[in-house]
Each structure stands twice: as C-alpha cells, then as structure tokens.
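Peer 1:
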Amino acid sequence: MNQLSHTQYRHSTRLFTDQVIDLATLENIIRTASHAPSWENAQPWKVYLATGDTVKQIRTSHEKAVQDKAKSWTEVTPPLDWKPDQQKNIEHWQTALGDFFNSDELQAFHTAGKKLYHAAAIVYITIPKNASAYLAYDAGAFGYGVLLAAKDAGIGTIPAYEMIRYPDEIRAHFDISSDEALLMGIALGYPASSKINDLKTDRRPLKNFLQIKD
Ligand SMILES: Cc1cc2nc3c(=O)[nH]c(=O)nc-3n(C[C@H](O)[C@H](O)[C@H](O)COP(=O)(O)O)c2cc1C
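Just so you know, we're using the working numbering here: the sequence shown kicks off at 31 and counts up by one.
#1: Comparing alpha-carbon positions, which option in Ala-138, Pro-108, Leu-218, Pro-67 lies nearest Asp-182?
#2: Can you have a look at Asn-227 and say buried or exposed, based on whether 16 or more other CB atoms are within 10 angstroms of its CB?
#3: Counting C-beta neighbours from all protein chains within 10 Å, is the total for His-92 16 or more, i.e. buried, or is it exposed?
#4: For the alpha helix (DSSP H) that contains Lys-181, what are its first and last residues?
#5: Between the segment 134-141 and the segment 179-193, do at least 3 Cβ pairs fall closer than 8 angstroms?
#6: Only counting runs of 4 or more residues, tell me where the alpha helix (DSSP H) segments fall wholly within the segment 79-123, in order along the chain.
#7: What does the alpha-carbon distance come out to for the pair Val-96 and His-148?
#8: In the DSSP assignment, what residue or residues form a beta bridge with Val-77?
#9: Following a CB-centred definition, is Gly-143 positioned closer than 7 angstroms to any heavy atom of ligand 1?
#10: With H, G and I counted as helix, E and B as strand and the rest as coil, what does DSSP make of Thr-47?
#11: Spatial neighbours of Met-31 within its chain, please: C-beta separation below 7 angstroms, excluding the five flanking residues on both sides.
#12: Excluding the 5 residues flanking Gln-49 on each side, which residues of the same chain have their C-beta closer than 8 angstroms to its C-beta?
#13: Between Ile-60 and Val-85, is the Cβ-Cβ spacing less than 8 angstroms?
#14: Return yes when the C-beta of His-41 is under 7 angstroms from any heavy atom of ligand 1, and no when it is not.
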C-alpha cells in the first residue's frame with residue numbers, strides 16, 4: 031500500500047489547547063505559504079495575523095455576537111446553491127458526522143465555532159473587492175500552504191466561514207482597506223485531545239470527478 035503523505039493526513043482541528051504559538055513559528059508558516067503560485071506572480075493576498083491579546087479579544091467579541099444573534103454576513107458572496115453532486119457530498123458528510131458523534135458530541139462539534147475553536151492564532155486572508163475568481167484561486171493556494179506548513183510544525187488548523195462572518199470584529203483590530211474583502215480566516219493552534227478532533231472525512235473516488243484520456 032502507498033504511504034499516505036502529510037497532505038492526506040491533514041484534517042480540520044476544531045478544538046485547540048491554551049498553548050501559545052511563538053511568533054517566529056507563525057511567521058515561518060506564512061513565509062512558506064507565500065510560495066504559492068499566483069497569476070503572473072501578482073501575489074494578490076494580504077494577510078492579517080491575530081495572536082496574543084488580539085485573538086483573545088476577537089474570540090470574546092465573536093462569542094458575544096453569536097449569543098446576541100448579531101447579523102452575520104461575509105464580504106465575499108458565499109455559495110448560495112449547490113449542484114446535485116455537491117449536495118450529495120454534503121449530505122454524505124452530514125451522515126458521517128451523525129454516525130461518528132452521539133448527539134451531545136455533535137452539538138459540541140457544531141458549537142465549537144462559537145468560541146472560534148479556542149484558536150491560539152488566526153490568519154485572515156483578503157483579496158481585492160470584486161476580484162476575478164483567479165485571484166481567489168491564488169489566495170486559496172496560499173491558504174492551503176498555511177494548512178500544510180502548520181501541519182509540518184505540529185500545529186492544527188481549520189479554515190472556516192465561522193471566522194469571517196462578523197467582519198467588523200476583525201476590522202476593529204487591523205487597518206484593512208475598504209478596497210479589500212475578507213475572503214477567509216484560518217484558526218491555528220495545538221490540537222486538544224478531544225473526539226471533536228478525531229473526525230476523519232473521506233473523499234469521493236477519483237472516478238466520480240476525474241476524466242482521463244490516455
Ligand atoms: C471555505 C471553507 C469554509 C469552511 N467553514 C467551516 C465552518 O464554518 N465550520 C466548520 O466546522 N468547518 C468549516 N470548514 C471545514 C470543512 O467542513 C472541512 O474542510 C471539510 O469538512 C473537510 O474536512 P477536513 O478539513 O477535516 O478534511 C470550512 C472549510 C472551507 C474550505
């Protein structure tokens with residue numbers, strides 16, 4: 031059997047310990063990710079790193095916003111409807127969650143985002159407002175670089191809509207131009223020992239999405 035690469039072992043972490051990630055490690059992760067390819071090397075992403083007291087303040091304001099049921103919105107239009115095969119994958123994922131967790135655990139899984147997963151650090155990625163999908167492709171490559179470089183450093187991650195659904199709580203801490211849109215937030219931290227983090231998602235077989243012509 032082929033050995034699985036670190037890429038295949040990466041999965042989302044939804045609960046982090048209190049352990050701080052040192053700044054040099056975080057900068058190394060971001061430097062590594064910045065080797066992502068981009069259209070004519072335009073490197074269209076901008077990156078905002080929240081750590082220390084800032085991440086704690088964001089976590090606190092996020093929890094309050096969720097409790098207050100504050101209006102939630104994203105600066106980039108979220109997917110609004112799904113094609114049938116995507117819908118099938120989503121349903122498959124939801125069924126797998128129900129099979130893996132009992133109802134209390136499932137509740138904890140779904141509400142972990144309320145506290146931003148207890149992230150030790152958060153990487154926010156912006157792209158220019160109304161950018162071409164190619165720039166989102168570039169920024170997505172950068173984001174995946176963050177996940178893999180963090181994994182190599184023993185650090186867990188989750189990219190999540192939950193991280194950027196209250197843009198004001200982020201903009202309050204950083205000087206983010208009105209020309210930029212918050213595309214994604216990635217939570218980082220050392221994984222807590224919890225069943226929440228034991229979920230392994232599967233992937234549809236290649237034949238479902240790959241055409242090969244030899
Ligand atoms: C753009 C994006 C948004 C996501 N938003 C959330 C979220 O809000 N809450 C959550 O629990 N997971 C979120 N996820 C994580 C996905 O659920 C996860 O990546 C997927 O189920 C595959 O699992 P894996 O990352 O463990 O391989 C998001 C992932 C991406 C790429």
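Using N, Cα and C, we set each Cβ at its ideal position, and we do this for glycine too.
Peer 2: Concretely, from the data shown:
#1: Taking the first residue of the sequence shown as position 1, residue 182 is located at position 152. It is Leu-218.
#2: Indexing the sequence shown from 1 puts residue 227 at position 197. Under the 10 Å beta carbon count, Asn-227 is surrounded by 16 or more other beta carbons and is classified as buried.
#3: By one-based count along the sequence shown, residue 92 stands at place 62. Under this definition His-92 is a buried residue.
#4: Residue mapping note: residue 181 aligns to position 151 of the sequence shown, counting from 1. Unbroken alpha helix (DSSP H) run through Lys-181: 163-182.
#5: No, because fewer than three Cβ pairs between the segment 134-141 and the segment 179-193 fall closer than 8 angstroms, the two stretches do not touch.
#6: Fully enclosed alpha helix (DSSP H) runs of 4 or longer: 82-97.
#7: Here residue 96 refers to the residue found at position 66 when the sequence shown is read from its first residue. Here residue 148 refers to the residue found at position 118 when the sequence shown is read from its first residue. Straight-line spacing of the CA atoms in Val-96 and His-148 works out to 15 angstroms.
#8: Position 47 of the sequence shown, counted from the start, is the residue given in the question as residue 77. Answer is Ile-155.
#9: Indexing the sequence shown from 1 puts residue 143 at position 113. Gly-143 Cβ: within cutoff of ligand 1.
#10: The count along the sequence shown starts at 1 and reaches residue 47 at position 17. In the three-state DSSP reduction, Thr-47 falls in the coil class, being neither helix nor strand.
#11: The count along the sequence shown starts at 1 and reaches residue 31 at position 1. Caution applies to Met-31, whose pLDDT of 38 falls short of 50 and renders its modelled position unreliable; the value that the coordinates give is listed next. There are no such residues.
#12: The sequence position of residue 49 within the sequence shown is 19, counting from 1. For Gln-49, same chain residues with a beta-carbon under 8 angstroms away, outside a window of 5 residues either side, are Ala-150, Gly-219, Tyr-220 in chain order.
#13: Along the sequence shown, one-based indexing puts residue 60 at 30. Along the sequence shown, one-based indexing puts residue 85 at 55. For Ile-60 and Val-85, no; Cβs fall outside 8 angstroms.
#14: On the sequence shown, position 11 is the one that residue 41 refers to. Checking every heavy atom of ligand 1 against the Cβ of His-41, one is found closer than 7 angstroms.
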